[in-house]
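Residue numbers (full-length UniProt numbering): 1 to 463.
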């Protein structure tokens with residue numbers, strides 16, 4: 001699954017569950033996900049991690065990346081991300097660090113990028129995403145002379161930027177070498193007081209506690225730190241304080257391994273269900289976590305999923321699917337009257353069969369909304385070729401007698417009845433709104449009907 005597909009899947013899952021995604025970061029300071037260092041590699045003028053915040057090329061690439069994300073259209077919901085209510089807000093960057101730079105470069109970067117983001121997306125809240133280190137004073141991990149003073153952050157000044165809507169801060173007592181419950185509580189209280197002074201709400205968006213077998217850092221100690229943290233935040237909320245919530249980092253799904261730097265280990269085996277009571281079915285097909293082979297269809301079931309080779313393929317659906325002689329002969333079972341020839345009377349639509357090539361789950365029902373061509377589960381939701389459509393029609397037997405295919409759109413719709421006569425198909429016109437809000441029109445090809453062998457001939461071809 002690609003990055004954009006993963007974001008789309010996460011947004012769809014959250015919306016289906018009635019949840020908001022608190023924050024999405026435009027870039028990560030750390031190299032595990034490409035992040036800042038990748039921008040430095042792409043730049044011809046940046047020489048180090050620190051140059052990300054000052055290099056003109058890095059800044060330009062960051063702005064372009066932000067614009068691409070904010071204006072991207074979710075292919076399932078049809079909404080641009082800037083218009084998606086599932087997204088609560090954005091982070092400019094996760095945990096920015098500019099070691100030994102002073103505080104100027106990061107401050108200048110925030111002052112430029114925050115208004116830029118808000119100019120593209122005035123609908124969502126914006127924060128920085130930093131850990132919350134101070135430029136001076138004893139509140140930092142390790143005290144008034146600690147390493148945190150040299151990381152480029154200036155918590156108070158950074159969050160005074162007008163385009164920053166709310167405050168974020170983190171708490172990692174192990175990573176910061178201040179593994180002490182007293183420090184944890186003082187850190188939260190200091191940021192709560194400073195957020196109140198700034199007049200902005202605050203979110204403790206990350207906190208955690210290592211678990212390391214063979215040391216005192218066990219589950220019991222983690223529970224003490226977690227209980228103390230949530231009790232403090234809840235008290236702040238009840239008293240009308242600036243801190244409005246907290247989120248531990250991070251939940252590891254079944255068989256996933258957390259970063260060792262965060263004290264991670266293998267997760268517990270999954271059951272096919274999730275949620276507080278472990279009664280919400282996990283759709284492995286939609287999350288792309290199934291074990292289905294290529295050319296196999298994934299169908300979600302309660303607590304599990306099934307993998308079945310597509311029509312014309314043989315195999316168990318897991319270890320592999322091999323083309324059969326039946327598939328090789330399939331092309332001769334369908335006929336068309338040539339490009340841009342579509343059935344004059346297309347008949348009624350046939351629901352696209354689950355697990356067929358081109359099938360996709362639509363958890364929000366946006367693709368099949370009233371008035372949509374996919375209403376009622378019609379048509380492919382993923383790109384297909386002509387043979388994919390033939391296979392889908394075979395899987396929809398005996399209902400499917402023909403299908404309309406558009407090679408440019410890589411889409412098809414299955415049909416039943418309607419007759420054999422064809423007419424000239426008009427060119428489909430697509431529209432797209434560019435960043436400057438100018439609407440552009442371009443050709444999206446034309447449709448062509450393929451008739452399954454045995455379809456009654458109700459008349460001659462029409463011009």
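Just so it is clear, CB atoms sit at the ideal spot from N, CA and C, and this is done for glycine as well. Values in this document were obtained by computation on a predicted structure and should not be read as measured data.
Practice prompt. State the Cα-Cα distance for the pair residue 201 and residue 379, rounded to the nearest angstrom.
Written response: Each residue's alpha carbon lies about 46 Å from the other.
Practice prompt. Starting from the Cα of residue 351, find the closest Cα among 110, 422, 375 and give me that residue.
Written response: 375
Worksheet entry | Terminal residues of the beta strand (DSSP E) in which residue 202 lies | Residues 202-208.
Practice prompt. Give the secondary structure of residue 87 by DSSP, where H, G and I count as helix, E and B as strand, and everything else as coil.
Written response: strand
Worksheet item: If we count the other Cβ atoms within 10 Å of its Cβ and call it buried at 16 or more, is residue 155 buried or exposed?
Response: buried
Discussion item. Looking at the ligand NAD, does it come within less than 7 Å of residue 25, judged from the CB to the closest heavy atom?
Written reply: Judged by which ligands are present, the structure shown has none, so any question about the ligand NAD falls away.
Worksheet item: What separation, rounded to the nearest whole angstrom, lies between the Cα atoms of residue 14 and residue 20?
Response: 6 Å
Fill in: Alpha-carbon spacing of residue 240 relative to residue 170, whole angstroms
21 Å
Discussion item. Considering just the uninterrupted stretch of the alpha helix (DSSP H) at residue 226, what are its terminal residues?
Written reply: 219-238
Worksheet item: Relative to the C-alpha of residue 95, which residue among 29, 88, 65 is closest?
Response: For the residues 29, 88, 65, the minimum Cα distance to residue 95 belongs to 29.
Worksheet entry | Contiguous alpha helix (DSSP H) assignments of at least 4 residues, all confined to the segment 274-317 | 284-287
Worksheet item: Which value, in whole angstroms, describes the spacing of the CA atoms of residue 330 and residue 164?
Response: Whole-angstrom Cα-Cα distance: 59 Å.
Worksheet item: Who pairs with residue 126 in a beta bridge, going by DSSP?
Response: 90
Worksheet item: Got a sec? Which residues, its chain only, sit under 7 Å from residue 75 by beta carbon, not counting five neighbours each side?
Response: Sequence-distant partners of residue 75 (beyond 5 residues in either direction) whose C-beta falls short of 7 Å from its own C-beta, in its chain, are 8.
Fill in: Beta-carbon proximity of residue 286 to residue 363, cut-off 8 Å
yes
Worksheet item: So what does DSSP say about residue 351, is it helix, strand or coil?
Response: strand
Item to complete: Can you have a look at residue 325 and say buried or exposed, based on whether 16 or more other CB atoms are within 10 angstroms of its CB?
Response: exposed
Fill in: Inter-residue Cα distance where the pair is residue 247 and residue 88
14 Å
Fill in: the segment 58-71 in contact with the segment 107-117 per 3-pair CB rule at 8 Å
yes
Discussion item. Quick check on the DSSP output: the beta strand (DSSP E) that includes residue 448 runs from which residue to which?
Written reply: 448-452
Discussion item. Can you tell me where the alpha helix (DSSP H) holding residue 118 begins and where it ends?
Written reply: 104-120
Fill in: Within 8 Å, strictly: CB atoms of residue 346 and residue 445
no
Worksheet item: Got a sec? Which residues, its chain only, sit under 8 Å from residue 196 by beta carbon, not counting five neighbours each side?
Response: 241, 242
Practice prompt. State yes or no: is the C-beta of residue 308 within less than 8 Å of the C-beta of residue 297?
Written response: yes
Fill in: Whole-number beta carbon distance between residue 52 and residue 40, since they are thought to touch under 8 Å
6 Å
Worksheet item: From 181, 191, 208, pick the residue whose C-alpha is nearest to that of residue 175; which is it?
Response: 208
Item to complete: Kindly indicate the opening and closing residues of the alpha helix (DSSP H) around residue 81.
Response: No alpha helix (DSSP H) holds residue 81; DSSP gives it neither H nor E.
Fill in: Unbroken stretches of the beta strand (DSSP E), 3 residues or longer, contained in the UniProt domain "Apple" (344-444)
348-350, 402-406, 411-416, 422-424, 429-433, 439-443
Worksheet item: Buried or exposed: residue 434, going by 16 or more other Cβ atoms within 10 Å of its Cβ?
Response: With a pLDDT of 48 at residue 434, under the threshold of 50, the modelled position of that residue is not reliable, and no figure is offered here.
Practice prompt. Could you check the C-alpha separation between residue 335 and residue 348 for me, to the nearest Å?
Written response: 19 Å
Worksheet item: Going by beta carbon distance, what residues of the same chain come within less than 6 Å of residue 148, once the five residues before and after it are set aside?
Response: 133, 140, 141
Worksheet item: What are the start and end residues of each continuous beta strand (DSSP E) run of 3 or more residues lying completely inside the segment 148-210, in chain order?
Response: 167-172, 202-208
Discussion item. Helix, strand or coil, according to DSSP, for residue 36 in the structure here?
Written reply: helix
Worksheet item: Which first and last residues belong to the alpha helix (DSSP H) in which residue 66 is found?
Response: 56-70
Worksheet item: Which whole-angstrom value is the C-beta distance of residue 400 and residue 342, which I expect to be below 8 Å?
Response: No, residue 400 and residue 342 are not in contact; Cβ-Cβ is about 16 Å, not under 8 Å.
Worksheet item: How big is the Cα-Cα spacing for residue 436 and residue 281?
Response: No answer about residue 436 holds up, because its pLDDT of 48 lies below 50 and its placement is not dependable.
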